[in-house]
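As structure tokens, the structure follows; a few thoughts come after it.
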Amino acid sequence: MQHPFYQKTKKEQRNVQLKVGLLALTIIIIFFVIGFVTNLYLLPALLFPIVITIIAPFLDVPAMVDKGKLTYQSLLLLTEKGQNGVIKLHGGTLLDYLYVIDSNWNAQQRKQFIIKEFLSGLINLIDEQKEKKDLDIKIKGTSYILNERTAKKLGFKVVKKDFLQQVILIFNYFNLLVTNSVGKGRLSFPRIKQIITIEADISTLLAKEDEIRALKNKIEND
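This is the structure we're talking about:
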């Protein structure tokens, strides 16, 4: 797996993070001045959390990878060890989308690439757990890439989002907006209701391994 960001030296990575941080700070200052001049004092207060959620992946994801808390299973699928034998799935972040999605691709090419990388990551995760002979692990995550039908076909159950998940999704809406727009090559507002929560046992995914591999191969050959 050749991720352009992580192929950079640590110094180059920090330079990228510094530029992102300075850009965010500049935007906040500009809107602070606008808010002060126009007496719209809530403007910078509202903008601040939006900017923070958008730049967060550039700062916290590399840090969590370095600490071993996040693992890239593919370019656009990360896993995090949770509690009680649960592995959390995380789709590609804004950092990943900006670095691995070709800006010249059309919407269909982007969609196929994103799904292919999800499937590749899933296969790598299955292989990893098979090597460890640890098939009692439960997998959980949220996805706006998979629809309910495809998720079930891959062996996942679609479960109701809990209150905390709803709050997190709403708080991160603008991050999702930018990421979703990059993923589709156009401005695209994600619908919170269409973001599904999925879960499965590794043993269930293992039983579906042939279908997962077949779907990945089909996408690669299209």
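Take 71 as the starting number for the sequence shown in the working numbering and just add one per residue. All C-beta atoms, glycine included, are put in the ideal place defined by N, C-alpha and C.
Nearest by alpha-carbon distance to residue i: which of the options is it?
{"i": "residue 283", "options": "176, 179, 195, 102", "result": "195"}
{"i": "residue 168", "options": "225, 73, 123", "result": "73"}
{"i": "residue 191", "options": "237, 77, 81, 147", "result": "147"}
{"i": "residue 126", "options": "154, 248, 253", "result": "248"}
{"i": "residue 286", "options": "91, 97, 220, 166", "result": "220"}
{"i": "residue 118", "options": "223, 262, 100, 131", "result": "100"}
{"i": "residue 173", "options": "71, 263, 255, 264", "result": "255"}
{"i": "residue 259", "options": "124, 280, 202, 246", "result": "246"}
{"i": "residue 231", "options": "213, 243, 244, 222", "result": "213"}
{"i": "residue 252", "options": "233, 237, 171", "result": "171"}
{"i": "residue 162", "options": "278, 150, 178", "result": "150"}
{"i": "residue 186", "options": "203, 144, 201", "result": "144"}
Pick helix, strand or coil for residue i, following the three-state DSSP scheme.
{"i": "residue 251", "result": "helix"}
{"i": "residue 220", "result": "helix"}
{"i": "residue 96", "result": "helix"}
{"i": "residue 214", "result": "coil"}
{"i": "residue 166", "result": "helix"}
{"i": "residue 268", "result": "strand"}
{"i": "residue 257", "result": "coil"}
{"i": "residue 141", "result": "strand"}
{"i": "residue 106", "result": "helix"}
What's the call for residue i, buried or exposed, on a 16-neighbour Cβ count within 10 Å?
{"i": "residue 166", "result": "buried"}
{"i": "residue 142", "result": "buried"}
{"i": "residue 241", "result": "exposed"}
{"i": "residue 110", "result": "exposed"}
Tell me, which residues are paired with residue i by DSSP?
{"i": "residue 160", "result": "148"}
{"i": "residue 208", "result": "156, 271"}
{"i": "residue 229", "result": "267"}
Quiz prompt | the stretch 191-211 touching the stretch 271-280, judged by at least three CB pairs closer than 8 Å | solution = yes
Self-check item: Any 3 or more C-beta pairs closer than 8 Å across the stretch 261-268 and the stretch 225-235
Solution: yes
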